[in-house]
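In our numbering, the protein residues as written are 915 to 1163.
The structure is reproduced here in structure tokens:
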């Protein structure tokens, strides 16, 4: 069954810059290693997206429509359908004093946060720093090699996909879902309870579920701390000495 807008899809993809053929992103660990962009902290697995929700560049989002599961395509995405053309108005000069006050050492090529926005340091002069707020891929034509792995059909699986996207270090099978027509209760595994930013993630999970599964009006998170099983108090049995079978004369 072909993909339509609103479908929950799992895709594998590899992204290249057309002009240089440089691979810049992939969901495939083997490809990442071959391209020498492998990062140990990354999780290499099919990416979950909701088709038509602009969670990927427009050119890729549009190409996924009507794609059949297990099919592969190559998509060329122009800047207009990708990350836009470069905009000279997004280049700014920032006083060096501001960086010093925030204990930031700006060096060309470094990425910094300014007013909550990410910027690239282009150059450092006498008392001023030139920063670039354009997206790193602005002005680039991108080539995507994409395979639609499958479409997620059931509400239970959709909720687990949402959970895993917001808590990526926890595999989907570790979440327990109790779903009725209008209520959803999710039991989080213990290893999820200590994740930094968990409360923010829970709010995002709730928003996603109520957006994409609008019949669900009540969402509950169940956090259970189970008592560890006590170590066995039984003493290990002593090894029995072999019986002396030697006969006395």
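Virtual Cβ for every residue (Gly too), placed ideally from N, Cα, C.
Are there 16 or more other CB atoms within 10 angstroms of the CB of residue i, so buried, or fewer, so exposed?
| i | result |
| --- | --- |
| residue 1161 | With a pLDDT of 42 at residue 1161, under the threshold of 50, the modelled position of that residue is not reliable, and the figure given next carries that caveat. Result: exposed. |
| residue 1040 | exposed |
| residue 1020 | buried |
| residue 1024 | exposed |
| residue 984 | exposed |
| residue 1120 | buried |
| residue 971 | buried |
| residue 1080 | buried |
| residue 1143 | exposed |
| residue 1114 | exposed |
| residue 915 | exposed |
| residue 1125 | exposed |
| residue 1001 | exposed |
| residue 1158 | Caution applies to residue 1158, whose pLDDT of 47 falls short of 50 and renders its modelled position unreliable; the value that the coordinates give is listed next. Burial call: exposed. |
| residue 1105 | exposed |
| residue 1072 | buried |
So, at 7 Å on beta carbons, what are the nonlocal neighbours of residue i in its own chain, with the 5 sequence-adjacent residues on each side left out?
| i | result |
| --- | --- |
| residue 957 | 1082 |
| residue 1051 | 996 and 997 |
| residue 1032 | 1025 |
| residue 966 | 919, 920 and 975 |
| residue 1069 | 1093 and 1127 |
| residue 917 | 923, 965, 978, 979, 980, 981, 1062 and 1065 |
| residue 1122 | 1076 |
| residue 1163 | For residue 1163, the predicted structure reports a pLDDT of 41, less than 50, and the residue's modelled location is therefore unreliable. A value from the coordinates is still provided. Excluding sequence neighbours, residue 1163 sits near nothing in its chain. |
Nearest CA to the CA of residue i: which residue from the options?
| i | options | result |
| --- | --- | --- |
| residue 1044 | 920, 1092, 1080 and 1028 | 1028 |
| residue 1140 | 1102, 1115 and 1126 | 1102 |
| residue 1003 | 1132, 1048 and 1116 | 1048 |
| residue 1132 | 1013, 1117 and 1142 | 1117 |
| residue 1005 | 935, 1042, 954 and 1070 | 1042 |
| residue 991 | 960, 936 and 1056 | 1056 |
| residue 1065 | 980, 935, 928 and 1104 | 980 |
| residue 1180 | 969, 928 and 967 | Outside the modelled stretch of the chain, which goes from 915 to 1163, sits residue 1180, for which no answer is possible. |
| residue 1009 | 1037, 947 and 936 | 1037 |
| residue 1095 | 955, 1130 and 1113 | 1130 |
| residue 961 | 967, 977 and 940 | 940 |
| residue 1107 | 1091, 1122, 1128 and 1137 | 1137 |
| residue 924 | 945, 964 and 954 | 964 |
| residue 986 | 926, 945 and 936 | 926 |
Give every residue of the same chain whose Cβ lies closer than 8 Å to the Cβ of residue i, excluding the five residues on either side of it in the sequence, and list them in chain order.
| i | result |
| --- | --- |
| residue 1155 | Model confidence at residue 1155 stands at a pLDDT of 47, short of 50, so the residue's coordinates are unreliable and nothing is read from them. |
| residue 943 | 952 and 958 |
| residue 988 | 1057, 1058, 1059 and 1060 |
| residue 933 | 1054 and 1055 |
| residue 1134 | 1097, 1098, 1099 and 1100 |
Sort out for me which residues DSSP pairs residue i with in a bridge.
| i | result |
| --- | --- |
| residue 1044 | 1007 and 1037 |
| residue 924 | 962 and 1064 |
| residue 956 | Bridge partners of residue 956: none, in fact. |
| residue 1058 | 929 and 989 |
| residue 1135 | 1100 |
| residue 1032 | 1027 |
| residue 1083 | According to DSSP, which records beta bridges pairwise, residue 1083 is partnered with nothing at all. |
Quick check on the DSSP output: the beta strand (DSSP E) that includes residue i runs from which residue to which?
| i | result |
| --- | --- |
| residue 1027 | 1025-1028 |
| residue 1091 | 1090-1093 |
| residue 936 | No beta strand (DSSP E) holds residue 936; DSSP gives it neither H nor E. |
Locate the alpha helix (DSSP H) running through residue i, then write down its first and last residues.
| i | result |
| --- | --- |
| residue 1052 | Run containing residue 1052: none; DSSP gives neither H nor E here. |
| residue 919 | From DSSP, residue 919 is part of no alpha helix (DSSP H); its letter is neither H nor E. |
| residue 973 | 972-978 |
| residue 1113 | 1112-1126 |
| residue 945 | 943-948 |
Under 6 Å Cβ to Cβ from residue i, same chain only, skipping five residues before and after it: list those, please.
| i | result |
| --- | --- |
| residue 1054 | 931 |
| residue 1074 | 1086 and 1089 |
| residue 993 | 999 and 1053 |
| residue 1007 | 1042 and 1044 |
For residue i, verify whether its CB is less than 6 Å away from any heavy atom of the ligand FMN.
| i | result |
| --- | --- |
| residue 966 | Only the bare structure without any ligand can be found here, which leaves the ligand FMN out of the picture. |
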